[in-house]
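Undergrad: Handing you this structure, nothing more for now.
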């Protein structure tokens, strides 16, 4: 590397010679030795004259040495060292007088002119480059108002800016740019600008000559000089005077017209730089020539692709510049530019894509159909249609119409994407200027409807037309018709497009035009004899009726036609009517859109995000904008809908009771949205009449409670049937009542609660799902009920046994979630019994024997955490930490069952938010303390927690907890049973990967050093070595485990085969083959059934086993003989889980098939064939694992 490039490592605070000695003393490179010698000699000169060793002294001494070289006494090595030394010293000088700088420039220029070139073996590239760099610095010290002071150095820089040597040329060009930046607007800047123009002008004649066809293959050096002069021009254009730029632009336009492919890109780059740096007045004079030249270049198919696209971008920039300058001539150029660029849309994909983007930007910036509308109703202004801008828009539409007509191929995606943008920008005036274009697209749609082409993007394009001009105008151009004679149809392909893209239309149009069209299809279908035609007509009829929800998307005449729509549609509310789903969706559109508009203040474009990656954002934006109401109009619409709501509600409730449960959901959603806008007295009257019709009210008009539930004996079978029938009636009422909650009065809410309470207390499970669901709805929607009836509700839930079916349990826990959040947020400073009661049931469910139950409990915990953490309350952080502290409090309980459940709960909370390990300081130490316990169930849970924690937490936070974790888990590194040792191994591997092996080794106690060493060796793929004193060979994790990512490690930990886990475990199929591979994969501490199977295998006389009737029992008895000799005398498993009778049952004491197969009695290895078979089985098991 050239020493002169290392200026940033030198400073002016110390002797520069000393700095060079320190840096290059040990270097053996000749140039470094010469540089040090030159610096030392220069220092001697300075010291002999008793001058300070400053950078300026070194500069002066060096220039003096160079100036004394009049007889060329210095050899090339000396000149190289002096130039490098000068280039190092000059940047360290803060100021040099103009005279000294001019004198130094003269010395350097004289050397460069006198000395031969490198080709003659004298001056090297590095020497010339260093001198050029010095010239650039010295010119900056010259007088900015005296051209004679600057001229010599600047001329030399210009000369070297087109030098053949790349490094010299690049250095000179950088210096010229720096010099221009330092000139500012001084007198010298004008002179320098003229000199640069003269350089370009000198090369323009040569360039024009080289551009001629006969001279295109002229001398390479001449080509290079022209290119170098164009290269230096681009960066300095912003610093050149306006007149110079104007002359340069004229020269570049003239050269561009010569169609020279060798210089085209450089010409475009410089024109673009002039556009960016200058005002519109400079461009305007040559705009016509530039635009015509660019259009001609773009239209030629022989030009390079990159240059064509650059020309297209340049044309777009020129139009934008003229448009922003307020000059109307851009209107003339826009159709011409769009026309030539549109021809690129049929080119290959890479060209068409970029061309479509350029066109879309042009159209979005310069076309706006709203300019041609007037008045509040935004009607078309006839006068505006006569202006030149509208003529330009029509010309652009005609360009694309001609493009579609001239091509026999189906329009590609890029053409359709551009047309979609045009349609959306034109809006209401689309039908006035793009009639032929729409008809041509319709022709292609008719052709493609047979399946010959993929019409997805064509449908999107026509959908943009629907959004822009509305279905009324589009159907006037493309009517959907039925021929009464031959029953032929036209434009029926529009039906699905209208269904997807209609918005902001009118209910009146649907009633007056679409309904009669649907009726005509129905009538025609009844007259047709051919089944195929009849089915098609019926499908078209249903398609027209199916447009109802689309025409209910923000219609403009809700106030006017709400009652007419009600009168039209209520007769369709029958049990088997095909219109039920359409009516339900339409009501939800009408009510919910107006509700949301009334609740929000402004329409925000930032909230609109395409649902799919390929969805057109402009299309989605326009769609949402048309589907938005003002707050005032939304209020009027809601009043109009509320006036019809009673009629709708009564009809929907009637059909609800007649329909099957499969159709309940669509009715419930429609009823729910209507009750929100209805008067509470109206909803209460309708619901009360429904209760009476259901037969659950007495003669006094009050709710009739259920009788006492029976014990389920055969003597009471008739009573049970009667009770279930009564419960079924109440379930239906509760199902309907959940829709009335949001708009219900307090009295009606109390009725709901009374029915739900009655069902929960009177039955053992029937109707509980509906009861819990309505209670959850009440808690969500009625804050007054939560505050006034919380104790009553808690007593009710505590008195009812938790359900066994998952859906009911989810609804029960949803109630608990709301109550728990309220309880924690409302009582931050005092002990809360209700919260602990709720949390106690959730934690106990974590130990449920079924996977679904555990997952429900985990979901409830995560839901509570998310709500507390994301709450807008100022005390949300305190509430969140209090909830975690409540779970930590269970760790001090006396029951191992509840302890392990609490640890499992904390595991999932850490998995979802690892930051709590640091934000809650007591969390990790409290859990790790449990490792001192000898209870197997608790230890399993704690090791699982640690694995989740070390996998989820960041390395910087893990270092803080590293000591506690290592010293805690290593206590179980010597215990092979229950997979403890393998779990500790996995934890150690993760710690080593995140914190480093050295950090883990430094913390571990001396007695665990061998274990840590073994884990570290196996982690790096070394041979497995057995630890001393360990009777069993422990299979260590393979290298693939070491490469698992953080999320895989965390999820694996949560999937451990224990009753504490919330996620899926593998299920053993009944009657399946009991293979060794299965045992190795599933482990021995799976779910309840798996534990019972393993219990059977290891059953002894003092440990009776009660079979659950599994068909795998015979296989397990057979397998028992195989492992019988592995059973240790007196070995008993700890209590782990509850059985069917509520008593604790012992789990299998072993650690899996691998260890059970290889464990001989009394810890002594067997011998002979039996020992060999054990080894073979171990090898197979390890492979299967």
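In the UniProt record's numbering, the protein residues as written are 1 to 1185.
The beta-carbon is built from N, C-alpha and C at its ideal position, and this holds for glycine as well.
1) Could you give the distance in angstroms between the alpha-carbon of residue 550 and the alpha-carbon of residue 508?
2) So who's on the other strand from residue 185, going by DSSP bridges?
3) Would you tell me roughly how many angstroms separate the C-alpha atoms of residue 19 and residue 303, rounded to the nearest one?
4) Using 8 angstroms as the cut-off, can you tell me whether the stretch 779 to 790 makes contact with the stretch 801 to 811, which would need three or more C-beta pairs spanning the two stretches below that distance?
5) Hey, would you say residue 237 sits closer than 8 angstroms to residue 245, going by beta carbons?
6) Given residue 325, which residues of its chain have a CB within under 6 angstroms of its CB, disregarding the five upstream and five downstream residues?
7) Quick one: Cα of residue 1206 to Cα of residue 319, how far?
8) Mapping the DSSP letters down to three states, classify residue 1205 as helix, strand or coil.
9) What do you get for residue 55, buried or exposed, if any count of 16 or more other CB atoms within 10 angstroms of its CB means buried?
10) With the cut-off set at 8 angstroms, would you say residue 16 and residue 88 are in Cβ contact?
11) Check for me: the alpha helix (DSSP H) holding residue 385 runs from which residue to which?
12) In angstroms with no decimal places, state the Cα-to-Cα distance between residue 422 and residue 804.
13) How long is the line joining the alpha carbons of residue 1012 and residue 761, rounded to whole angstroms?
14) Straight-line CA distance for residue 432 to residue 426?
15) Evaluate the contact criterion for the stretch 387 to 402 versus the stretch 444 to 464: three or more CB pairs, one atom per stretch, below 8 angstroms.
16) Residues in the same chain with beta-carbon distance under 7 angstroms from residue 678, minus the five sequence neighbours each way, listed in chain order, please.
17) Using 8 angstroms as the Cβ pair cut-off and three pairs as the minimum, do the stretch 729 to 743 and the stretch 680 to 695 touch?
18) Evaluate residue 724 with the Cβ neighbour count: other Cβ atoms within 10 Å of its Cβ, from every protein chain shown; 16 or more gives buried, anything less gives exposed.
19) For the candidate residues 660, 968, 538 and 673, whose alpha-carbon lies nearest to that of residue 586?
20) If you reduce the DSSP assignment to three classes, tell me which class residue 15 lands in.
21) By DSSP, does residue 373 sit in helix, in strand, or in coil?
22) Which of the three DSSP states is assigned to residue 703 in this structure?
23) Could you tell me the alpha carbon to alpha carbon distance between residue 531 and residue 525, rounded to whole angstroms?
24) If you follow the alpha helix (DSSP H) that residue 972 is part of, which residue opens it and which one closes it?
25) Run through the stretch 416 to 471 for me and flag every whole alpha helix (DSSP H) of 4 or more residues, listed as ranges in chain order.
26) For the alpha helix (DSSP H) containing residue 301, name the first residue and the last one.
27) Please state the DSSP three-state secondary structure of residue 153.
28) Using CA coordinates, which residue listed in 496, 909 and 926 is at the minimum distance from residue 953?
29) Out of 322, 579 and 296, which has the shortest C-alpha to C-alpha gap to residue 276?
30) Can you tell me where the alpha helix (DSSP H) holding residue 544 begins and where it ends?
31) Any idea what DSSP makes of residue 490, helix, strand or coil?
32) Among 269, 418, 307 and 369, which one has its Cα closest to the Cα of residue 1235?
33) Per DSSP, which one or two residues make a beta bridge with residue 697?
34) Using C-beta distances below 8 angstroms, list every residue in its chain close to residue 987, excluding the 5 sequence neighbours before and after it, in chain order.
35) Keeping to the same chain, check which residues put their C-beta closer than 8 angstroms to that of residue 818; ignore five residues upstream and five downstream.
36) Out of curiosity, what's the CA-to-CA distance linking residue 154 and residue 358?
TA: With the given structure in hand:
1) As a working mapping, residue 550 is identified with position 550 in the chain shown. As a working mapping, residue 508 is identified with position 508 in the chain shown. So the alpha carbons of these two residues sit roughly 13 angstroms apart.
2) Stepping through the chain shown from its first residue, residue 185 is reached at position 185. DSSP output for residue 185 lists no bridge partner at all.
3) Looking up residue 19 in the chain shown gives position 19. Looking up residue 303 in the chain shown gives position 303. So the alpha carbons of these two residues sit roughly 56 angstroms apart.
4) no
5) Position 237 of the chain shown, counted from the first residue, corresponds to residue 237. Position 245 of the chain shown, counted from the first residue, corresponds to residue 245. Contact: yes.
6) Here residue 325 refers to the residue found at position 325 of the chain shown. Cβ neighbours of residue 325 beyond the five flanking positions: 280.
7) Residue 1206 is absent from the structure shown; the chain starts at 1 and stops at 1185.
8) Absent from the structure is residue 1205, since the part of the chain shown begins at 1 and ends at 1185.
9) One-based indexing of the chain shown puts residue 55 at position 55. The residue in question, residue 55, is buried, as its Cβ has 16 or more Cβ neighbours within 10 Å.
10) Here residue 16 is taken as the residue at index 16 of the chain shown, counted from 1. Here residue 88 is taken as the residue at index 88 of the chain shown, counted from 1. Yes.
11) Taking the chain shown and counting its residues from 1, the one referred to as residue 385 is at position 385. Residue 385 -> no alpha helix (DSSP H), and no H or E assigned at all.
12) Position 422 of the chain shown, counted from the first residue, corresponds to residue 422. Position 804 of the chain shown, counted from the first residue, corresponds to residue 804. One C-alpha to the other measures close to 60 angstroms.
13) Indexing the chain shown from 1 puts residue 1012 at position 1012. Indexing the chain shown from 1 puts residue 761 at position 761. Spanning the two alpha carbons is a distance of roughly 59 angstroms.
14) For the purposes of this step, residue 432 is taken as the residue at position 432 of the chain shown. For the purposes of this step, residue 426 is taken as the residue at position 426 of the chain shown. Approximately 10 angstroms, taken between the alpha carbons.
15) no
16) Your numbering for residue 678 matches position 678 in the chain shown. Closer than 7 angstroms at the Cβ level, and outside the excluded window around residue 678, lie 642, 645, 646, 649 and 743.
17) yes
18) Residue mapping note: residue 724 aligns to position 724 of the chain shown, counting from 1. Counting Cβ neighbours within 10 Å, residue 724 comes out exposed, since fewer than 16 surround it.
19) In the chain shown, the residue the question calls residue 586 occupies position 586. The candidate whose alpha carbon is nearest that of residue 586 is 673.
20) As a first step, residue 15 is located in the chain shown; it is residue number 15 there, counting from the start. If DSSP states are grouped into helix, strand and coil, residue 15 belongs with coil.
21) Reading the chain shown from its first residue, position 373 is the one you call residue 373. Three-state DSSP puts residue 373 in a strand.
22) Your numbering for residue 703 matches position 703 in the chain shown. Here residue 703 sits in strand by DSSP.
23) Counting from one through the chain shown, the residue named residue 531 turns up at place 531. Counting from one through the chain shown, the residue named residue 525 turns up at place 525. Spanning the two alpha carbons is a distance of roughly 9 angstroms.
24) Your numbering for residue 972 matches position 972 in the chain shown. Element bounds for residue 972: n/a, residue is neither H nor E.
25) 430 to 433 and 435 to 448
26) Within the chain shown, residue 301 is the residue found at index 301, counting from 1. Where residue 301 is concerned, there is no enclosing alpha helix (DSSP H), given that its DSSP letter is neither H nor E.
27) Within the chain shown, the letter at position 153 stands for residue 153. If DSSP states are grouped into helix, strand and coil, residue 153 belongs with the helices.
28) The residue labelled residue 953 in the question sits at position 953 within the chain shown. Of 496, 909 and 926, the residue nearest in Cα terms is 909.
29) Taking the chain shown and counting its residues from 1, one reaches residue 276 at position 276. Closest by alpha carbon: 322.
30) Indexing the chain shown from 1 puts residue 544 at position 544. 531 to 545 is the extent of the alpha helix (DSSP H) around residue 544.
31) Locating residue 490 in the chain shown gives position 490, counting from the first residue. Of the three classes helix, strand and coil, the one that applies to residue 490 here is strand, per DSSP.
32) In the structure displayed, the chain extends from 1 to 1185; residue 1235 sits before or after that span and is not available.
33) The sequence position of residue 697 within the chain shown is 697, counting from 1. Beta-bridge pairing links residue 697 to 703.
34) For the purposes of this step, residue 987 is taken as the residue at position 987 of the chain shown. So the qualifying residues of the chain are 943, 946, 947, 950, 965 and 969.
35) Here residue 818 refers to the residue found at position 818 when the chain shown is read from its first residue. Only 776, 779, 780 and 786 meet the Cβ criterion.
36) In the chain shown, residue 154 corresponds to position 154, counting from 1. In the chain shown, residue 358 corresponds to position 358, counting from 1. Distance between the alpha carbons of residue 154 and residue 358 is about 41 angstroms.
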